[in-house]
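Asker: Below you'll find the structure I mean.
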Amino acid sequence: MKRKKHRSRFLKNIRNPSIKKQHNVVLSKIERIRDKHLYNLYFDGQPLLRIHEEVLVKFGLRTGDSIGEETFDTLKSSEEFVLAKREALAILNRRARSEKELRDRLRNKEYHPRIISLVVTHLNEQGLLDDKQFARIFTRHILSRKPAGKALLQRELRLKGISQSLTKDILNETLQEQSEEELALAAVTKLLNRRPMTKQAHDGKGDKQRLISYLSRRGFSWQTIHSVMRKLASPTPDFPE
Numbered sequence: 065m066k067r068k069k070h071r072s073r074f075l076k077n078i079r080n081p082s083i084k085k086q087h088n089v090v091l092s093k094i095e096r097i098r099d100k101h102l103y104n105l106y107f108d109g110q111p112l113l114r115i116h117e118e119v120l121v122k123f124g125l126r127t128g129d130s131i132g133e134e135t136f137d138t139l140k141s142s143e144e145f146v147l148a149k150r151e152a153l154a155i156l157n158r159r160a161r162s163e164k165e166l167r168d169r170l171r172n173k174e175y176h177p178r179i180i181s182l183v184v185t186h187l188n189e190q191g192l193l194d195d196k197q198f199a200r201i202f203t204r205h206i207l208s209r210k211p212a213g214k215a216l217l218q219r220e221l222r223l224k225g226i227s228q229s230l231t232k233d234i235l236n237e238t239l240q241e242q243s244e245e246e247l248a249l250a251a252v253t254k255l256l257n258r259r260p261m262t263k264q265a266h267d268g269k270g271d272k273q274r275l276i277s278y279l280s281r282r283g284f285s286w287q288t289i290h291s292v293m294r295k296l297a298s299p300t301p302d303f304p305e
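Quick look at the structure:
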């Protein structure tokens with residue numbers, strides 16, 4: 065909560081229109097905030113801006129510097145970029161995110177769209193944000209919890225903002241490791257292990273329909289469902305171990 069208050073105060077500070085000047089202002093004091101990599105900048109004796117150490121070093125600021133409005137605006141943008149980047153890294157540190165997820169989170173925290181795009185570009189260049197790797201991990205996570213078909217995986221990836229072409233590549237890669245029919249049989253096996261009575265699906269219409277509905281909800285195609293149900297109806301159904 066404390067960190068959120070600090071972030072809100074910083075954003076309010078760096079976006080405050082009252083700190084725009086028609087003429088140059090003099091950087092009269094640089095005050096380090098104790099135990100933090102933050103500095104208060106005083107202009108003409110007034111504390112008008114708080115920035116991170118990396119911004120201070122980047123611009124090589126010293127007391128006595130004359131700062132014009134354009135430079136002042138650049139300082140504010142640079143500080144907002146650092147704030148957004150740190151926020152993004154904290155989000156990614158908790159768990160992997162797609163680019164869309166990260167953009168949405170930063171937008172909810174009221175960062176400017178241009179700053180968000182700069183942060184996303186920076187993280188992509190650093191290899192810290194990778195939709196392909198995210199899609200691969202996310203797909204495996206879904207399948208590790210409960211087998212699913214192509215349609216459900218496509219839907220879930222689309223909700224995460226993964227492109228159609230990348231989704232196609234990831235699903236092709238996934239289904240090379242295990243076919244949709246194998247996944248469907250695994251789904252049925254998992255369900256039947258929880259509800260053994262359903263193993264007589266070929267004898268009761270009710271149980272059979274429940275299995276079909278279940279596989280459909282899990283995103284399996286009708287072709288796959290038909291093939292699986294045909295196998296279940298055989299005298300000796302071949303369930304995966």
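For the sequence shown, the working numbering assigns the number 65 to the initial residue and increments by one for each residue that follows.
All C-beta atoms, glycine included, are put in the ideal place defined by N, C-alpha and C.
Here's the rule: buried if 16 or more other CB atoms are within 10 angstroms of the residue's CB, otherwise exposed. What is Arg161?
Answerer: Buried, by the Cβ-count rule.
Asker: Where does Ile180 land, buried or exposed, given buried means 16+ other C-beta within 10 angstroms?
Answerer: Answer is buried; the Cβ neighbour count reaches 16.
Asker: Assuming the contact rule is C-beta atoms closer than 8 Å, Tyr106 and Arg96 should be a hit. Round their C-beta distance to whole Å, please.
Answerer: Their Cβ separation, rounded to whole angstroms, is 12 Å, which puts Tyr106 and Arg96 out of contact at 8 Å.
Asker: Judging by CA-CA distance, which residue of Ile155, Lys232, Ser243 is the nearest neighbour of Arg169?
Answerer: Cα-wise, what sits closest to Arg169 is Ile155.
Asker: Contact between the region 136–152 and the region 109–116: three or more CB pairs below 8 Å?
Answerer: Enough Cβ pairs lie closer than 8 Å, so yes.
Asker: Is the beta carbon of Gly225 sitting closer than 8 Å to the one on Glu163?
Answerer: A contact, by the Cβ cut-off of 8 Å.
Asker: Consult DSSP for Leu153 and reduce its assignment to one of helix, strand or coil.
Answerer: In this structure, Leu153 counts as helix in the three-state DSSP scheme.
Asker: Quick check on this structure: which residue in Asn188, Ser229, Glu244, Lys196 has the alpha carbon closest to the alpha carbon of Pro211?
Answerer: The shortest C-alpha separation from Pro211 is found at Glu244.
Asker: Return the CA-CA distance between Leu307 and Val252, expressed in angstroms with no decimal places.
Answerer: The structure shown does not extend to residue 307, since the chain is modelled only from 65 to 305, so the question has no answer here.
Asker: Could you tell me whether any Cβ in chain C is nearer than 8 Å to the Cβ of Val252?
Answerer: Absence of chain C from the displayed structure is noted, only one protein chain being present.
Asker: For the ligand SAH, is there a heavy atom less than 7 Å away from the beta-carbon of Gly225?
Answerer: The ligand content of the structure shown is nil, which means the ligand SAH is not present either.
Asker: How about Gly283 and Lys214: are their beta carbons less than 8 Å apart?
Answerer: Taking 8 Å as the Cβ cut-off, Gly283 and Lys214 qualify as a contacting pair.
Asker: Could you tell me which of Lys173, Ser291, Ser277 sits nearest to Leu249, measuring between CA atoms?
Answerer: Of Lys173, Ser291, Ser277, the residue nearest in Cα terms is Ser291.
Asker: Any idea which residues DSSP pairs Leu105 with across the strands?
Answerer: Leu105 is bridged to Ile94, Leu113.
Asker: Along the alpha helix (DSSP H) that carries Pro211, what are the first and last residues, could you check?
Answerer: Where Pro211 is concerned, there is no enclosing alpha helix (DSSP H), given that its DSSP letter is neither H nor E.
Asker: Helix, strand or coil: which one does DSSP assign to Ser346?
Answerer: The chain is shown only over 65 to 305; residue 346 falls outside these bounds and no answer can be derived.
Asker: Is Ser298 helix, strand or coil when you go by DSSP?
Answerer: If DSSP states are grouped into helix, strand and coil, Ser298 belongs with coil.
Asker: Should Ser277 be labelled buried (16 or more other beta-carbon atoms within 10 Å of its own) or exposed?
Answerer: Ser277 is exposed by the Cβ-count criterion.
Asker: Give me, in chain order, the residues of the same chain whose beta-carbon lies closer than 7 Å to that of His176; leave out the 5 immediate sequence neighbours on both sides.
Answerer: Excluding residues within five positions, the ones whose Cβ falls inside 7 Å are Glu144.
Asker: Quick check: Leu217 and Leu230, are their CB atoms within less than 8 Å of each other?
Answerer: No.
Asker: Buried or exposed for Ala265, going by 16 or more other Cβ atoms inside 10 Å?
Answerer: With a pLDDT of only 48 at Ala265, under the threshold of 50, the placement of this residue in the model should not be trusted; the figure read from the coordinates follows. By the neighbour-count rule (16 or more Cβ atoms within 10 Å), Ala265 is buried.
Asker: Take the Cβ of Arg167 as the centre, count every other Cβ of all protein chains shown within 10 Å, and call the residue buried at 16 or more, exposed below.
Answerer: Arg167 comes out buried.
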